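K.L.:
Would you mind keeping the following structure in view while I ask a few things?
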Amino acid sequence: MSPMLDGFAAMDPICQTRLPHLPWLDPATARLPGVQPLPPGEGWLMRDEAFGDQMALRDRLVAENRDAVIAALPGSEAAVAALYEAVLAVLADDPGYALGRDTCRRPDGVDVALDPSDKLGTLARLVQEDLCLMEPRGGEHVLSAAILCFPASWTLAEKIGRPLTGIHDPVAVYDARMAARVQRLFDAVRVGQPLWRQNALVYAQADLHQPRREAAPRPEIRAEGRYLRSEKQCLVRLSSCDAVLFSIHTFVVPLGSLPPGALDHLPHREPVT
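What follows is the structure, given as structure tokens:
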């Protein structure tokens, strides 16, 4: 079983039927960090066939394990307000949502109260994406507020308040050169011109909520990988403040759903539990 925070039990697998983009096979996205302009007409929020099941899990996490999945530093209020308005503006133009004055009906038929006093809690229940706000402080962008329902082997409690270099500790490939490249990307992203990238890694478990503390031991013998976990990550400059949104849309698919031979070219195939 994958590690859970505060005894939050694993649920039945929630999987998409396919992975719409295979980033390791696309020369534009295969080389790290693999950041590209978001194609015209493609939004930084998206919905897929796992929407209903993923949202049900998000509802449960917010209700039962809120402190593990939502956090905000003092001083992040302006950025959180800008994010709230930006997401609601996107949903207002999405025919799958019915956005009212006090409630929003999701595409799965669930009504979510719009609570301006709990902006992050409201957004966590409206979209599939995890939403991380990065604000410039002391020469680096710092994680100032976040919704992280679907962590992939990290915890919000350890990363909130850290700069980019601290967030990626102990990721081996995130060396000083990579850190400088990523910081330049955060500095350069423009309003109305989002960037995106996508990763992919073999996992032994399909759990979307897979927190792991930095000091937690990695098993010496790992189970055979059965799933591919992939995150579509977007960088979005918010228009009314100096924050950059780092959004994460998580896909989990069985390895058998991938095209024949696709795994032969996937780097770093060691399974993660």
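For the sequence shown, this note's numbering begins at 10 and goes up steadily by one.
All residues carry an ideal CB built from backbone N, CA and C; glycine is no exception.
Just so we're clear, the structure is a prediction, and the values are computed from it rather than from any experiment.
Can you give the Cα-Cα distance for Val200 and Ala252, rounded to whole angstroms?
P.N.:
Walking along the sequence shown from the start, residue 200 turns up at place 191. Walking along the sequence shown from the start, residue 252 turns up at place 243. Taking the straight line from one Cα to the other gives about 11 Å.
K.L.:
Would Leu157 and Leu132 be called neighbours here (beta carbons separated by less than 8 Å)?
P.N.:
Residue numbering aside, residue 157 sits at position 148 when the sequence shown is read from its first letter. Residue numbering aside, residue 132 sits at position 123 when the sequence shown is read from its first letter. Not in contact: Leu157 and Leu132 (Cβ atoms no closer than 8 Å).
K.L.:
Using the Cα positions of Val211 and Pro49, report the straight-line distance between them to the nearest angstrom.
P.N.:
Counting from 1 along the sequence shown, the entry for residue 211 is found at position 202. Counting from 1 along the sequence shown, the entry for residue 49 is found at position 40. Looking at the two C-alpha atoms, the distance is approximately 30 Å.
K.L.:
Tell me whether Ser162 is buried or exposed, calling it buried when 16 or more other Cβ atoms sit within 10 Å of its Cβ.
P.N.:
Taking the sequence shown and counting its residues from 1, the one referred to as residue 162 is at position 153. Buried, since its Cβ has 16 or more Cβ neighbours within 10 Å.
K.L.:
Closest to Arg110 by CA distance: which of Cys243, Arg56 and Ala122 is it?
P.N.:
Indexing the sequence shown from 1 puts residue 110 at position 101. Selected option, being the one with the closest Cα: Ala122.
K.L.:
Expressed to the nearest angstrom, what Euclidean distance is found between the alpha-carbon atoms of Tyr106 and Ser153?
P.N.:
Here residue 106 refers to the residue found at position 97 when the sequence shown is read from its first residue. Here residue 153 refers to the residue found at position 144 when the sequence shown is read from its first residue. Distance between the alpha carbons of Tyr106 and Ser153 is about 28 Å.
K.L.:
Just reading off the beta strand (DSSP E) that Leu254 is part of, what are its end residues?
P.N.:
Position 245 of the sequence shown, counted from the first residue, corresponds to residue 254. Unbroken beta strand (DSSP E) run through Leu254: Val253 to Pro263.
K.L.:
Taking 8 Å as the threshold, find out whether the stretch 92-104 comes into contact with the stretch 63-71 through three or more Cβ pairs.
P.N.:
no
K.L.:
Determine the closest residue to His218 out of His258, Leu97, Gly170 and Ser266, with distance taken between C-alpha atoms.
P.N.:
Within the sequence shown, the letter at position 209 stands for residue 218. Answer by Cα proximity: His258.
K.L.:
Give the secondary structure of Asp21 by DSSP, where H, G and I count as helix, E and B as strand, and everything else as coil.
P.N.:
As a first step, residue 21 must be located in the sequence shown, where it is residue number 12. The answer is coil: DSSP assigns Asp21 none of H, G, I, E or B.
K.L.:
Do you know how far the Cα of Leu275 is from the Cα of Gly295?
P.N.:
Since the displayed the chain opens at 10 and closes at 282, residue 295 lies outside it and no answer follows.
K.L.:
Find out if the Cβ-Cβ distance for the pair Glu144, Leu173 is shorter than 8 Å.
P.N.:
Residue mapping note: residue 144 aligns to position 135 of the sequence shown, counting from 1. Residue mapping note: residue 173 aligns to position 164 of the sequence shown, counting from 1. Not a contact, by the Cβ cut-off of 8 Å.
K.L.:
Using DSSP with H/G/I as helix, E/B as strand and the rest coil, what is Val198?
P.N.:
Within the sequence shown, residue 198 is the residue found at index 189, counting from 1. The answer is coil: DSSP assigns Val198 none of H, G, I, E or B.
K.L.:
Applying the 10 Å Cβ sphere with the 16-neighbour rule, what's the burial state of Asp35?
P.N.:
The residue given as residue 35 occupies position 26 in the sequence shown. It counts as exposed.
K.L.:
Just to confirm the assignment: which complete beta strand (DSSP E) runs, minimum length 3, are found wholly within the stretch 48-126?
P.N.:
79-81, 112-114 and 120-122
K.L.:
Quick one: what does DSSP say Val191 is sitting in, helix, strand or coil?
P.N.:
The residue given as residue 191 occupies position 182 in the sequence shown. In the displayed model, Val191 falls within a helix according to three-state DSSP.
K.L.:
Report yes if the CB atom of Ala215 is closer than 8 Å to the CB atom of Val261, and no otherwise.
P.N.:
Start at 1 with the first residue of the sequence shown, and residue 215 comes out as number 206. Start at 1 with the first residue of the sequence shown, and residue 261 comes out as number 252. Result yes, Cβ atoms of Ala215 and Val261 sit closer than 8 Å.
K.L.:
Since Ala224 is in the beta strand (DSSP E), which residue starts that stretch and which ends it?
P.N.:
Sequence index remark: in the sequence shown, residue 224 carries index 215 (1-based). Taken as a continuous stretch (DSSP letters only), Ala224 belongs to no beta strand (DSSP E), as it is neither H nor E.
K.L.:
For Leu272, which residues from the same chain have a beta carbon less than 6 Å from its beta carbon, with the 5 sequence-adjacent residues on both sides left out?
P.N.:
Taking the sequence shown and counting its residues from 1, the one referred to as residue 272 is at position 263. So the list is empty, once near-sequence residues are dropped.
K.L.:
Whole angstroms is fine: what's the gap from Gly170's alpha carbon to Leu82's?
P.N.:
The residue labelled residue 170 in the question sits at position 161 within the sequence shown. The residue labelled residue 82 in the question sits at position 73 within the sequence shown. Approximately 7 Å between the Cα atoms of the pair.
K.L.:
Is it the case that the Cβ atoms of Ala87 and Cys250 are separated by a distance below 8 Å?
P.N.:
Along the sequence shown, read from residue 1 onward, the residue named residue 87 stands at position 78. Along the sequence shown, read from residue 1 onward, the residue named residue 250 stands at position 241. Taking 8 Å as the Cβ cut-off, Ala87 and Cys250 qualify as a contacting pair.
K.L.:
Once the 5 residues before and after Arg235 are set aside, which same chain residues still bring their CB inside 7 Å of it?
P.N.:
Position 226 of the sequence shown, counted from the first residue, corresponds to residue 235. Taken in chain order, the residues that qualify are Ala213, Pro263 and Leu264.
K.L.:
With H, G and I counted as helix, E and B as strand and the rest as coil, what does DSSP make of Ala37?
P.N.:
By 1-based counting over the sequence shown, the position of residue 37 is 28. Of the three classes helix, strand and coil, the one that applies to Ala37 here is helix, per DSSP.
K.L.:
Just confirm the distance between the C-beta atoms of Val96 and Leu54, as a whole number of angstroms; I'd bet it's less than 8 Å.
P.N.:
The sequence position of residue 96 within the sequence shown is 87, counting from 1. The sequence position of residue 54 within the sequence shown is 45, counting from 1. That pair is a contact at about 7 Å.
K.L.:
Out of Asp57, Glu51, Pro32 and Ala37, state which residue places its alpha-carbon closest to the alpha-carbon of Thr283.
P.N.:
Nothing can be reported for residue 283, as the shown portion of the chain is limited to 10 through 282.
K.L.:
Which stretch, first to last residue, makes up the alpha helix (DSSP H) that contains Ile129?
P.N.:
Here the question's residue 129 lines up with position 120 in the sequence shown. Ile is not the amino acid found at residue 129; the sequence shown has Leu there. Unbroken alpha helix (DSSP H) run through Leu129: Lys128 to Ala133.
K.L.:
Start and end of the beta strand (DSSP E) containing Ala166?
P.N.:
One-based indexing of the sequence shown puts residue 166 at position 157. Counting along the chain, Ala166 falls outside any beta strand (DSSP E), though it belongs to the alpha helix (DSSP H) covering Leu165 to Lys168.
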